[in-house]
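Data first, discussion second: the structure below is written as structure tokens.
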């Protein structure tokens, strides 16, 4: 199959994912924040019904995104451990705040 051939040809690059710790891998493959954002956008666009123009829907999504940013300041579970592990892997490339 095409997929199998692609994986086999690129296995060196694909397998680097497994070099990371389980905590870092979870950050890479977790889609919860993306799904949450999409749910928020669907809520805004579904409840409105029809929009008068494309600009109107873009503005609604923009405002909803700004509103979501004010609410999404919770810290990720285990972030201190993950941050330490990221510093070990990437050192100076990871900016300290």
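Residue numbers (the working numbering): 1382 to 1478.
Virtual Cβ for every residue (Gly too), placed ideally from N, Cα, C.
Collapsed DSSP secondary structure at residue i in the structure displayed
i	result
residue 1472	helix
residue 1501	Examination of residue 1501 is not possible in this model, given that the chain is present from 1382 through 1478 alone.
residue 1391	coil
residue 1453	coil
residue 1431	coil
Sequence-distant residues of its chain with Cβ nearer than 7 Å to residue i (five each side left out)
i	result
residue 1467	1405 and 1475
residue 1421	1445 and 1449
Chain-order list of residues whose beta-carbon lies under 6 Å from that of residue i (same chain, five-residue window excluded)
i	result
residue 1383	none
residue 1402	1466
Rounded C-alpha distance that separates residue i from residue j
i	j	result
residue 1473	residue 1465	12 Å
residue 1471	residue 1459	18 Å
Sequence-distant residues of the same chain with beta carbon closer than 8 Å to residue i, five excluded per side
i	result
residue 1409	1398 and 1401
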